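Residue numbers (this note's numbering), protein chains in the order written: chain A, 1 to 211; chain B, 1 to 257.
In this text, a Cβ means the ideal position worked out from N, Cα and C, and glycines have one as well.
Just so you know, these numbers come straight off a predicted model, no measurement behind them.
Below: one structure, written as C-alpha cells.
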C-alpha cells in the first residue's frame, strides 16, 4: 500500500513531537511546518469529501484555519497532547459536513460531478499507457461512486485506503470504537464493489477487452 | 490484470492520493511587511486576494509583534513575512496612486464594505461628513454607525477615512489621532483653514450665483468661485430654497449633509 505522509512509524512519531514543540514555541512558524507536513493528506481527503477540486482547496484551507483558531486558544499542555493528524482530519470532516449542509440549503449546484482525475498521479514509467488508461478510468469511476457512499463509510474508506491511516486513527476521526471503524471500512469497500459492478462503463470490473 | 476484487479497488483507491494543492498555503497564511507611508513606517498584512490590514508603526509603538497579534485577533489567520509587496501597495501608502491596488475585505459585513466603498470615493484634499457616507452607503440614518465602522477601518490610508469629518466643520476623531488627520488633509492641499473659518460663521455649503450650484466647501467647484459670486449656506435645504441645485461632483444632500 502506498500511503502519503506515512513513513516509518517511529520516525513519524518523532517528527510529530518536533512539530508539537514547534507549535508551542512559536505558533505561526510552527503552523507553517504543520501545513507542510499535513497538507497532502488533508487535501487528498478534502478532494474525496467535496464534489469539485476548487471546493476541495477551499475546504482544506478552511480546515487548517479552523485548526489554527483552535490552537490559538490552547495552552502548551493541550497542544503537546494533540495527535495532530487525526485531530486535523476530524476538523476537516466537520468542515465538510458543514459545507455539505450549507450547500443543501442553497440552490442546486451545477450538475455533472467531475472528480479530479487530473489531480491524481500523472503517468509513471512503470505503467504502460494502456495500464495507465485503465487505472485512470477506474480511478475516475471510483471517485464518482465514492460520493454515493454513506458519509461515515466514505470517510472510513478514504482515510484507510486513499491516505493509508491505521484503523485506530480512522476510529479516532469517526469518533467510534476500532471495531466499528473496521466495519465501516469493510462495508464501504463492498458497497464500492457493488456500485462499480452495477455501473459498468468501459469494462474494467465487468470484463473489458484490451486491444 | 484488473479483477473484480477488493484488492484492485484498494489499489486504485491508493492511487487517488493527490499531490499537495500548490496554492493551499497561500490561502491559509496572511503575509506581512513594513513599508514607508504618509504617516511614517507602516505595517501591512495581505492575502492573495488583496491588502487586509494596515496600521502605522507609531500606533503600535513600532512593535511588529503587537501588530501581528492585532491581526491574528481580528482575522484568525497565521502570518508569515512577505517576500514582496503586492502591486500598487507602496504607491498607495505614499499617496501617489491607488489604481492597481486590491483590497481583501472578506469578513466584513455588507454595511462595513459599503461604508468603505463610499469613503474610497472621496477625492484627495476633499472631505465629506459622516452623514454623507451613511447616505452613500445606502443607510442615511446610520451616521453614528459609520463613525464606528471607520474607527475600525482595517485599511486606513488605502481607504481614506481621514477625509470623513463632522457635519459642524470640525475634523473630528481619527484612529491615529486628529493631529494626523489634519496633517494628511493639509498634505493633500485640502483647504483646512478656509473650511474652519467658514464653519465659524455657520457656513457649511458654498454656492455660485453664476452657475447656481451649491457644493461642499472642499469641492474644487466651490474653491474656484470668486469672492464676488460666492454665497454661503448653513444647509443644502437653504441653498435649494434660494434656487441652487446640489453639485453633481461632491453630491451634497438636502438632509443630513
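*Please look up how many angstroms separate the CB atoms of residue 48 of chain A and residue 146 of chain A, rounded, as I've assumed it's under 8 Å.*
6 Å
*Spatial distance of residue 46 of chain B from residue 63 of chain B (CA atoms)*: 18 Å
*Do you know offhand how far residue 8 of chain B's Cα is from residue 164 of chain A's?*
15 Å
*Measure how close the beta-carbons of residue 149 of chain B and residue 192 of chain B come, nearest whole angstrom, since I'm counting them as under 8 Å.*
In fact, because the Cβ distance is near 24 Å, the residues do not count as touching under 8 Å.
*asked:* Is the separation between the beta-carbon of residue 63 of chain A and that of residue 92 of chain A shorter than 8 Å?
replied: yes
*Range covered by the alpha helix (DSSP H) that runs through residue 10 of chain B*: 6 to 14
*Start-to-end residues for the alpha helix (DSSP H) that takes in residue 118 of chain B*: 110 to 119
*Would you say residue 19 of chain B reaches chain A, if we count a Cβ-Cβ gap shorter than 8 Å as a contact?*
yes
_DSSP state of residue 259 of chain B mapped onto helix, strand, coil_ = Nothing can be reported for residue 259 of chain B, as the shown portion of chain B is limited to 1 through 257.
*Straight-line gap, residue 54 of chain A to residue 174 of chain B (C-alpha atoms, nearest Å)*: 41 Å
*asked:* Counting C-beta neighbours from all protein chains within 10 Å, is the total for residue 106 of chain A 16 or more, i.e. buried, or is it exposed?
replied: exposed
*Scan the stretch 55 to 74 of chain A for residues whose Cβ lies nearer than 8 Å to a Cβ of chain B and list them as they occur along the chain.*
56, 57, 58, 60, 61, 64, 65, 68, 69 and 72
*Which of the three DSSP states, helix, strand or coil, is assigned to residue 177 of chain A?*
coil
*asked:* Once the 5 residues before and after residue 177 of chain A are set aside, which same chain residues still bring their CB inside 8 Å of it?
replied: 171
*Taking the C-alpha atoms as reference points, what is the distance between residue 324 of chain B and residue 136 of chain B?*
Outside the shown range of chain B, which is 1 to 257, sits residue 324 of chain B, and nothing can be said about it.
*Can you name the start and end residues of the beta strand (DSSP E) that residue 52 of chain B belongs to?*
50 to 56
*On the three-state DSSP scale, how would you describe residue 206 of chain B?*
strand
*asked:* Between the alpha carbons of residue 182 of chain B and residue 22 of chain B, how many angstroms are there, rounded?
replied: 46 Å
*Taking only the alpha-carbon atoms, compute the straight-line gap between residue 119 of chain B and residue 53 of chain B and give it to the nearest angstrom.*
16 Å
_Rounded to whole angstroms, what is the Cα-Cα separation between residue 18 of chain A and residue 69 of chain B?_
24 Å
*Have a look at residue 176 of chain B and residue 59 of chain B and give me their C-alpha separation to the nearest angstrom.*
6 Å
*Return the CA-CA distance between residue 27 of chain B and residue 57 of chain A, expressed in angstroms with no decimal places.*
9 Å
*Please look up how many angstroms separate the CB atoms of residue 35 of chain B and residue 44 of chain B, rounded, as I've assumed it's under 8 Å.*
6 Å
*asked:* With a threshold of 8 Å between beta-carbons, can residue 44 of chain A be considered close to chain B, or not?
replied: yes
*How is the alpha helix (DSSP H) around residue 80 of chain B delimited, first residue to last?*
That residue, residue 80 of chain B, is in no alpha helix (DSSP H); its beta strand (DSSP E) goes 79 to 81.
*Report yes or no: do the stretch 28 to 46 of chain A and the stretch 71 to 81 of chain B share at least 3 C-beta pairs separated by less than 8 Å?*
yes
*Any idea if residue 126 of chain B is buried or exposed, counting beta-carbon neighbours within 10 angstroms, 16 or more meaning buried?*
buried
*asked:* For a test of the three-state rule: what should DSSP assign to residue 157 of chain A, helix, strand or coil?
replied: helix
*asked:* I'd like the span of the beta strand (DSSP E) that includes residue 40 of chain B, first residue to last.
replied: 40 to 47
*Note down, in chain order, all residues in the stretch 67 to 93 of chain B with a beta-carbon under 8 Å from any beta-carbon belonging to chain A.*
68, 72, 76, 77, 78, 79 and 80
*Can you pull the chain A residues whose beta carbon is under 7 Å from the beta carbon of residue 27 of chain B, in chain order?*
57 and 61
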